[in-house]
Amino acid sequence: MPRYHTKSDMFGTSKYYRELSIEMASDRRNQEFQEVPLQPTIAATPFLDGLKRRELILPRCALCAELHYYPQATCPRCFSSELDWVVCSGRGRIYSFVIDYNPRLVVQDQPPRVIAIVELQEGPRIMGNLSGIANDRSKVRVDMLVRIVFEKLDDETTIFTFAPA
Ligand SMILES: [Zn+2]
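Following this line, the structure appears as structure tokens:
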């Protein structure tokens with residue numbers, strides 16, 4: 061009778077593997093997380109400069125008028141490289157969301173966060189953290205109305221979140 065290796069045989073019952081994984085997890089907990097500096101692409105630079113002015117601007121195709129996010133060098137619909145930049149309202153509704161229980165947040169002594177995909181009034185969907193809910197994640201709903209909130213980190217960097225409208 062043939063003997064099949066199952067996932068349990070190969071990993072779950074292996075003492076060596078279990079010891080190794082415990083050791084690796086322990087190492088990860090002790091590591092300090094390093095910040096990775098932002099390195100924006102050329103296509104994203106106008107978008108990031110807009111954030112510094114507390115404006116949400118998105119590229120719009122000069123040929124087919126498609127507004128898109130994330131910023132790209134060409135239109136994702138017709139591949140034209142003729143793009144204009146349009147100031148958007150920063151208002152929309154939650155299209156979908158997830159609650160992020162990333163262990164890194166625990167290490168940094170931060171609560172779980174809500175990451176939302178927001179459908180802007182202008183059409184495109186944009187992902188961002190949800191703020192202004194005082195850690196009451198139970199109130200977050202699909203179709204909830206939200207608005208953009210800008211947060212200046214330093215002279216070079218402004219980020220955004222979404223908060224209930
Ligand atoms: Zn286009």
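Heads up, the sequence shown is in my numbering, so the first residue is 61 and it goes up one at a time.
Every residue, glycine too, gets a C-beta built ideally from N, C-alpha and C.
- Message: In the DSSP assignment, the beta strand (DSSP E) including Pro-224 goes from what residue to what residue?
- Response: 218–224
- With 16 other Cβ atoms within 10 Å as the buried cut-off, status of Ile-102: exposed
- In the DSSP assignment, find the alpha helix (DSSP H) that holds Gly-110 and state where it starts and stops. 105–112
- Message: Going by DSSP in three states, Leu-180 sits in which element: helix, strand or coil?
- Response: strand
- Message: Give me the residue from Gly-150, Tyr-155, Pro-119, Arg-153 with the minimum Cα distance to Phe-139.
- Response: Pro-119
- Task: Please name the residue, chosen from Glu-126, Phe-210, Tyr-161, that lies closest to Arg-113 on a Cα-to-Cα basis.
- Result: Phe-210
- Classify Leu-118 as helix, strand or coil using the three-state DSSP reduction. strand
- Query: CB-CB under 7 Å to Gly-150, same chain, minus the five flanking residues each way: which ones, in chain order?
  - Reply: Leu-116, Arg-207, Ile-208
- Task: Can you say whether Gly-152 is buried or exposed, counting buried as having 16 or more other CB atoms within 10 angstroms of its CB?
- Result: buried
- Item | Separation of Ala-194 from Met-70, as counted between CA atoms | With a pLDDT of 43 at Met-70, under the threshold of 50, the modelled position of this residue cannot be trusted; read the value that follows with caution. When rounded, the distance between both Cα atoms is 45 Å.
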